[in-house]
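Trainee: Here it is, the structure, as structure tokens.
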Amino acid sequence: MSYGKRLARLRRTRDLSQEEFARRVGINRSTYARYETGKTQPDFDTLDKIAAFYDVSVDYLLGRSIKPEHSLIDPDEDFEGFFGFDLDSLSEKEKEELKDQLKKEVEFFLWQKRNK
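Read in the UniProt record's numbering, the sequence shown has 41 at position 41, and its numbers run on one by one without any break.
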């Protein structure tokens, strides 16, 4: 997921408009809109402010981590309906094994993509 899509998802999770988010973080709305569309990138200080506002890591915003850390997105809740599969028949141990395997697969995929 691109940084722009992550920004938009986090903003919508908080039910904020671009205007409201930009005001709270202290940046111009049109500048922020360009971040979400990927037309421009925030400087380090702005990226740090955005990460602090959402309580996520800068690595998560940049797509270098799939863990948002302290985000409003609950990975366990999202996992239960992962890709529309009903996982109720799995034990907790099996769910954890599946999570670990998926994490490894995603990390490998991202590593391959970065090293092309």
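Where a beta carbon is used, it is the ideal one built from N, C-alpha and C, also for glycine.
1) Express the C-alpha separation of A33 and Q41 in angstroms, rounding to a whole number.
2) Taking DSSP as the reference, what is the three-state secondary structure of Q18?
3) Ordered along the chain, which non-local residues of its own chain (more than five positions away) have a Cβ less than 7 angstroms from that of D59?
4) Between A51 and the rest of its own chain, which residues show a CB-CB distance below 8 angstroms, the 5 nearest in sequence each way excluded?
5) My output table needs one value for R64: the three-state DSSP class, helix, strand or coil.
6) Which whole-angstrom value describes the C-beta separation of G63 and R6, a residue pair presumed to lie in contact below a C-beta threshold of 8 angstroms?
7) Using a 10 Å radius around the Cβ and a threshold of 16 neighbouring Cβ atoms, would you call residue 117 buried or exposed?
Mentor: Based on what the coordinates show:
1) The straight-line gap separating the alpha-carbon atoms of Q41 and A33 is approximately 11 angstroms.
2) Helix at Q18.
3) So the qualifying residues of the chain are S65.
4) The answer, listed in chain order, is S57, V58, Y60 and L61.
5) If DSSP states are grouped into helix, strand and coil, R64 belongs with coil.
6) Yes, G63 and R6 are in contact; Cβ-Cβ is about 7 angstroms, under 8 angstroms.
7) The requested residue 117 does not occur in the structure, where the chain is confined to residues 1 to 116.
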